[in-house]
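Trainee:
Protein chains in written order, with my numbering: chain A, 2 to 452; chain B, -12 to 722; chain C, 2 to 231.
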């Protein structure tokens, strides 16, 4: 049966024929992405020396981007999986937005282990396949762990994204004709909405929700091992695993808030992405900001108190030396501003959350940079200390990643409903038939509605 | 069939095949190899390093490679043995198996991309004309014609040869040519000339040459400003001996004190570093001598060297510790302690050279240190100062650069000298050269001076010909470094000595040079040493041993009534009010006097002090820098009475606050792609102050003022991004 | 018994002259990167002479220390290389296999001594400088890491010569370029498994210490201290 209720109509509206505005946006983003691709090709052609890397700072913008984007990808997992598991009702419009961020951020971030190689055309040597070198990859290397972790996470995230999409694909299939029907039909995998199929779907999603949490935690822990396994001052720290995971979730939620706010405005989803959602996410963000502040303070205090000679040089470089403007900016936008905005109810509006989130995205990017570069520049022998500044190809690639994210998101929202229709309907059902608490109407006034 | 025939057949048939299907310009013809080849195996052949006057013997690794050549107008490739690596010859007394960074880089002279590959002749005038390739026949005809023109007008004395500083048999041949032709005295131009020291040694010891130091047996070494482990005299030989001095004798470690205003690379490894006022090093030496005499640490001597010092016989009353302290700035107690250490550790030898002798009172300083050595009892003894016996060569008259500039010749032959770069601008060498109608150069590279030539006759490089040197020091026995060639010449060059002999024979009134070729001359020069001398040399990069008396230079006789010298403060160009700082140009570790700036390995070698590469800089003491508001890398303007430079600054604490030091080497306007237009040349702004006794440039007699100009402009490139000098916080890791 | 190659650097003999730096370039086909790339930190000085200065005028002390790959027995650069390009060979050397390197540069980050270098561009040798290239050493392409190998080509050649003569390698047969050129003979190389070798004896010297020893890398270069032990 075709249901043409308002919910379905609104949520399917973005899938209509694209207008000029959409084409323009996609066009501009595509150009920026292409420019980044061109920069990378140029790098491969001319030589890695087009970047700003140098002795002894051999990792810079490219690895910063790697860690940053893998970090952003943690949004989907937390929101989607955890909220599903605890059956939080307000998750419904949010889950797919989050899962999509994960998938695309992983794809973008996962490109960087290729981009940053000196010989990128040999990236496949990281893959364990029988080969003529008679060698497996070195399983002791954190970079090989990265390969496994990220590919596992990507696979499971795509699955986690795809499963709840099936009913929606079926819905679109049922309303389409011709080529569209065929494509969406294939993607819907023959979904008929039978009780047995629903049961299977829910079971699968439960399993995935449980399974994906440890995967997500392990991914960024393993990424953190890229640093903590090396004897570099202020890298070799046991705090890196939890620090990175917390930071990842932190940046992921911030990214999600920005994405949701943009969708709400552009696609007219005010009715479904309500202030309460932002407020809840904002509270989560506040929690993560406090947690981030805790970890950062921990890291800094132990370094300073421990007074290890080599660590203190790096420490000084970030606290008071040439990197201190970046460091204090990071602390301001990651901790000071978000805590103020998000802990005061009056400021915890959609706009407030977005402001805090933009700051956090910037701040988390800076945090990755500040972990990598000052340490590499201040290792044990002062004669070989050095600084790093990025050059145009790296900046182009960095900007292109943000454009790529926006582009992929825009394309996705054009072809797939960005809010899960069947879950929203299921939620409305639950509201209609549930006892009082659940049926409090959504109110646009700040802070007064709870779900 | 044997291998040679096989190779020939293969080569011929390949060539025929290629010729048959050749597309012009696409196929490189492979010529038949001219040599017996051993693919993949190295042969080691002896040679001699030409880059400084030490004359280190080399052993050169020669292996097979494909060389692009042009034969009879055809481009092709031939497999030849070529030099791959230079090493110090283990048997050679000067190199003793070691080789300095510059010697290692010398191989790049032969393989330099901007090396001149054929004779050049100027078309058009100097200002607008260009140097165009020509043939050897034409070039030699041209030179012969010019010389004949001079001779024809009875103007033989209007020919001058301008040569570099290394003493060689080849220079002796040039001297012969000049003498037989009737040319003006040859001008030997060295940037950092040691002639003053030679003169002083002649007076003090009868040996007008650079000294050799038996450091390996010394117990105490007292250096006065000489960078003997870095750039002065025979650094490789000194370093080998220094190694033995420190750790070559079980249980005994030699002690080393260096006295200087700016810490040289050598001074950096001293056990004690004693800064003194510029130009007062001789006073300190006599202060030590005073204490030695006063405290009976050495018996008073009445030797030749002492007699040259005023007050010597009465125990040097004017050089008591307090007086010396007042003049030098070193504390009186320190002077007394130094003297006692000097006397109490075994053979004690003093070394002087470099900056202290570049002041106007340099002669006094040299004579003072010589007297100290004599008092120490180490002249001609183990652990002391010796003079390497020198092969006697016909004494040739010498002119000075100042004379050349004052009355320029009609025809100038340049052989290994570049005064347009290395003489102060105030001497107006360039103007003088502009007034010389015809200039010929035997150079391999178009440096500033050779770029003005009208005829360029590129010499073979040292690996492609007989390489030789007559080391003045570095060994207790006489050494004649001579060996080679190591490989076939790569290009259409010719040995300069052979060209000269050829020219001499082709003149209208041919010169009576007793040899037909350079090799003949070299062999003849070794003849007094015995029949085996030449073949021995060819095997081990040189001959060394006992020179027959007849073949040794005679000592300089003592003056009957020597005029003793006394200390007079050095004078400077520029008064201290307007020009508060002493300007100290010094030979850089990589580029020496600038003659090595064209070698890329040396440009990229980090400087031992600053780690700078491809750069010029000026060194400023931290307190002075703070006063001037100058930080690392800031561009400063350095002005003397003779000129001004803009250079990035480096902050150097190992230097007195009133010294501004600058390495020599960069600032070439023309010297191949690696050096042209790079950096600044401190020699340009030196005041043309000369030593009265020798006419050599007193290059430490210029004062300057300094002003900050701007923030860093990126010209100072350092390998260690840690530009400022720092303590290594992790230092001190000992068991 | 297998060889275990090591080095001793006598800091009392080092004069900071830099001959070892240039000799290494000559022996190992290290490209000259030029002024622009040198200013961007791409110079490839496998061997470098570190210089530290302490104090203020007139009480200034300067120290030189030649630093090259320490061929650590517990090298932090080895476990992190995903392709085994950095690995330990059976003579104790940390071998860098250019053909396996894909240029992640993790090894360079892990090396506490900063003795690993990266080819940022393809090496160029303007003709005829290419004639100087040592045929026994690879010319590295862009994107790979490189470092001091203790002149492994000389080690191999030395072993070949000894094997051909049907004898053992003698102490002093194999000399890396830096040790050979050093005018004051500050650098000694040899087999640490041969108790009679000079390097073994120097490694036991009371003047000896290892650089950054407390990091646990177990380097095979012993530095002999200078004047304090006069």
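Positions of the beta carbon are idealized from the N, C-alpha and C atoms, including for glycine.
#1: Do we get a CB-CB distance below 9 angstroms when we pair residue 723 of chain B with the residues of chain C?
#2: Pick from B:672, B:421, B:57: whose alpha carbon is nearest that of residue 480 of chain B?
#3: Return the chain-ordered list of same chain residues with a C-beta closer than 6 angstroms to the C-beta of residue 244 of chain A, the five sequence neighbours on each side being excluded.
#4: What residue range does the beta strand (DSSP E) around residue 63 of chain B cover?
#5: Starting from residue 151 of chain A and walking both ways along the alpha helix (DSSP H), at which residues does that stretch end?
#6: Touch check for the segment 128 to 139 of chain A and the segment 82 to 99 of chain C: three-plus C-beta pairs under 8 angstroms?
#7: Look up residue 82 of chain B in the DSSP assignment and say whether it is helix, strand or coil.
#8: Name, in chain order, the residues that DSSP records as bridge partners for residue 118 of chain C.
#9: What separation, rounded to the nearest whole angstrom, lies between the Cα atoms of residue 226 of chain C and residue 92 of chain C?
#10: Would you tell me roughly how many angstroms separate the C-alpha atoms of residue 156 of chain B and residue 520 of chain B, rounded to the nearest one?
#11: Taking Cβ positions only, does residue 72 of chain B come closer than 9 angstroms to chain C?
#12: Hey, residue 568 of chain B and residue 489 of chain B: beta-carbon distance below 9 angstroms or not?
#13: Return the chain-ordered ranges of every alpha helix (DSSP H) run that is complete within the segment 116 to 176 of chain B and spans a minimum of 4 residues.
#14: In the DSSP output, what is residue 192 of chain C paired with across the bridge?
#15: Is it buried or exposed for residue 464 of chain B, if we count other Cβ within 10 angstroms and need 16 for buried?
#16: So who's on the other strand from residue 236 of chain B, going by DSSP bridges?
#17: Once the 5 residues before and after residue 437 of chain B are set aside, which same chain residues still bring their CB inside 7 angstroms of it?
#18: Where residue 224 of chain B and residue 160 of chain C are concerned, what is the direct C-alpha to C-alpha distance, given to the nearest angstrom?
#19: Measuring alpha carbon to alpha carbon, tell me which residue in A:88, A:194, A:12 is nearest residue 417 of chain A.
#20: Does DSSP put residue 426 of chain B in a helix, a strand or coil?
#21: In the DSSP assignment, the beta strand (DSSP E) including residue 573 of chain B goes from what residue to what residue?
#22: Kindly say whether residue 231 of chain C, judged by its beta-carbon, lies nearer than 9 angstroms to any beta-carbon of chain B.
#23: At least one CB of chain C closer than 9 angstroms to the CB of residue 0 of chain B: is that the case?
#24: So which of B:460, B:611, B:674, B:434 has the shortest CA-CA distance to residue 586 of chain B?
#25: Going by alpha carbons, who is nearest to residue 24 of chain A out of A:76, A:408, A:422, A:359?
#26: Thinking C-alpha only, which one of C:7, C:133, C:2, C:166 is nearest residue 74 of chain C?
#27: Between which residues of its own chain and residue 540 of chain B is the CB-CB distance below 6 angstroms, once the five residues before and five after are set aside?
#28: Quick check on the burial criterion: 16 or more other C-beta atoms within 10 angstroms. Buried or exposed for residue 692 of chain B?
#29: Buried or exposed for residue 87 of chain A, going by 16 or more other Cβ atoms inside 10 Å?
#30: What residue range is occupied by the uninterrupted alpha helix (DSSP H) comprising residue 281 of chain A?
#31: In whole angstroms, what separates the C-alpha of residue 372 of chain B from that of residue 201 of chain B?
#32: Would you report the Cα separation of residue 282 of chain A and residue 76 of chain A, rounded to the nearest angstrom?
#33: Given that residue 261 of chain A touches chain C, what residues does it touch there, using C-beta distances under 7 angstroms?
#34: Taking residue 362 of chain B and residue 285 of chain B to be in contact with their CB atoms under 8 angstroms, please state how far apart those CB atoms are, rounded to whole angstroms.
#35: What is the rounded straight-line gap between the Cα of residue 154 of chain B and the Cα of residue 218 of chain B?
#36: So residue 390 of chain A contacts chain B; which residues on that side make the cut at Cβ distance below 7 angstroms?
Mentor: Result, derived from the coordinates:
#1: Past the boundaries of the shown model lies residue 723 of chain B; chain B is included only from -12 to 722, so the question cannot be answered.
#2: As a first step, residue 480 of chain B is located in the second chain; it is residue number 493 there, counting from the start. For the residues B:672, B:421, B:57, the minimum Cα distance to residue 480 of chain B belongs to B:57.
#3: Counting from 1 along the first chain, the entry for residue 244 of chain A is found at position 243. Taken in chain order, the residues that qualify are 296.
#4: Within the second chain, residue 63 of chain B is the residue found at index 76, counting from 1. 61 to 75 is the span of the beta strand (DSSP E), which, as asked, contains residue 63 of chain B.
#5: Looking up residue 151 of chain A in the first chain gives position 150. From DSSP, the alpha helix (DSSP H) with residue 151 of chain A extends over 143 to 176.
#6: Contact between the segment 128 to 139 of chain A and the segment 82 to 99 of chain C is present: three or more C-beta pairs spanning the two stretches fall below 8 angstroms.
#7: In the second chain, the residue the question calls residue 82 of chain B occupies position 95. Of the three classes helix, strand and coil, the one that applies to residue 82 of chain B here is coil, per DSSP.
#8: Within the third chain, residue 118 of chain C is the residue found at index 117, counting from 1. According to DSSP, which records beta bridges pairwise, residue 118 of chain C is partnered with C:147.
#9: As a first step, residue 226 of chain C must be located in the third chain, where it is residue number 225. As a first step, residue 92 of chain C must be located in the third chain, where it is residue number 91. Looking at the two C-alpha atoms, the distance is approximately 27 angstroms.
#10: Locating residue 156 of chain B in the second chain gives position 169, where the first residue counts as 1. Locating residue 520 of chain B in the second chain gives position 533, where the first residue counts as 1. Their Cα atoms are separated by approximately 15 angstroms.
#11: The residue labelled residue 72 of chain B in the question sits at position 85 within the second chain. Closer than 9 angstroms: yes.
#12: Reading the second chain from its first residue, position 581 is the one you call residue 568 of chain B. Reading the second chain from its first residue, position 502 is the one you call residue 489 of chain B. Contact: no.
#13: Along the segment 116 to 176 of chain B, the alpha helix (DSSP H) occurs as fully enclosed runs of 4 or more residues at 123 to 139, 156 to 168, listed in sequence order.
#14: To locate residue 192 of chain C, count along the third chain from 1; it is residue 191. Residue 192 of chain C is bridged to C:6.
#15: On the second chain, residue 464 of chain B is found 477 positions in, with the first residue counted as 1. Counting Cβ neighbours within 10 Å, residue 464 of chain B comes out exposed, since fewer than 16 surround it.
#16: Start at 1 with the first residue of the second chain, and residue 236 of chain B comes out as number 249. Looking at the DSSP assignment, residue 236 of chain B forms a beta bridge with B:239.
#17: Within the second chain, residue 437 of chain B is the residue found at index 450, counting from 1. Taken in chain order, the residues that qualify are 401, 428, 430, 443.
#18: If you number the second chain from 1, residue 224 of chain B lands on position 237. If you number the third chain from 1, residue 160 of chain C lands on position 159. Answer to the nearest angstrom: the Cα atoms are 31 angstroms apart.
#19: As a position in the first chain, residue 417 of chain A is number 416, starting the count at 1. Per the Cα distances, A:12.
#20: Here residue 426 of chain B is taken as the residue at index 439 of the second chain, counted from 1. In the structure shown, residue 426 of chain B sits in a strand (DSSP, three-state: E or B).
#21: In the second chain, the residue the question calls residue 573 of chain B occupies position 586. Segment 568 to 574, the beta strand (DSSP E) holding residue 573 of chain B.
#22: Start at 1 with the first residue of the third chain, and residue 231 of chain C comes out as number 230. Since pLDDT at residue 231 of chain C reaches only 43, below the 50 mark, its modelled position is unreliable, and the value read off the structure follows with that caveat. Cβ-Cβ to chain B under 9 angstroms: yes for residue 231 of chain C.
#23: As a first step, residue 0 of chain B must be located in the second chain, where it is residue number 13. For residue 0 of chain B, the predicted model reports a pLDDT of 46, less than 50, meaning its position is unreliable and no value from the coordinates is stated.
#24: The count along the second chain starts at 1 and reaches residue 586 of chain B at position 599. Nearest option by C-alpha distance: B:434.
#25: Numbered from its first residue, the first chain carries residue 24 of chain A at position 23. Ranking A:76, A:408, A:422, A:359 by Cα distance to residue 24 of chain A puts A:408 first.
#26: As a working mapping, residue 74 of chain C is identified with position 73 in the third chain. Per the Cα distances, C:7.
#27: For this step, residue 540 of chain B is matched to residue 553 along the second chain. Spatial neighbours of residue 540 of chain B in its own chain (CB-CB distance under 6 angstroms, excluding positions within 5 residues in sequence) are listed in chain order as 377, 379.
#28: Taking the first residue of the second chain as position 1, residue 692 of chain B is located at position 705. Counting Cβ neighbours within 10 Å, residue 692 of chain B comes out buried, since at least 16 surround it.
#29: Indexing the first chain from 1 puts residue 87 of chain A at position 86. Residue 87 of chain A should be labelled exposed.
#30: Residue 281 of chain A sits at position 280 when you count from the first residue of the first chain. Here the alpha helix (DSSP H) through residue 281 of chain A covers 276 to 307.
#31: Translated into the one-based positions of the second chain, residue 372 of chain B becomes position 385. Translated into the one-based positions of the second chain, residue 201 of chain B becomes position 214. Those two C-alpha atoms are separated by around 6 angstroms.
#32: Working through the first chain from its first residue, we reach residue 282 of chain A at position 281. Working through the first chain from its first residue, we reach residue 76 of chain A at position 75. Distance between the alpha carbons of residue 282 of chain A and residue 76 of chain A: 11 angstroms.
#33: Counting from 1 along the first chain, the entry for residue 261 of chain A is found at position 260. The premise fails here: residue 261 of chain A is roughly 36 angstroms from chain C at the closest Cβ pair, so nothing lies under 7 angstroms.
#34: For the purposes of this step, residue 362 of chain B is identified with residue 375 of the second chain, where counting begins at 1. For the purposes of this step, residue 285 of chain B is identified with residue 298 of the second chain, where counting begins at 1. Rounded, the Cβ-Cβ distance is 5 angstroms, consistent with contact.
#35: Counted from its first residue, the second chain places residue 154 of chain B at position 167. Counted from its first residue, the second chain places residue 218 of chain B at position 231. Going by the C-alpha atoms only, they are around 17 angstroms apart.
#36: As a first step, residue 390 of chain A must be located in the first chain, where it is residue number 389. The contacting residues do not exist; residue 390 of chain A stays about 12 angstroms from chain B at best.
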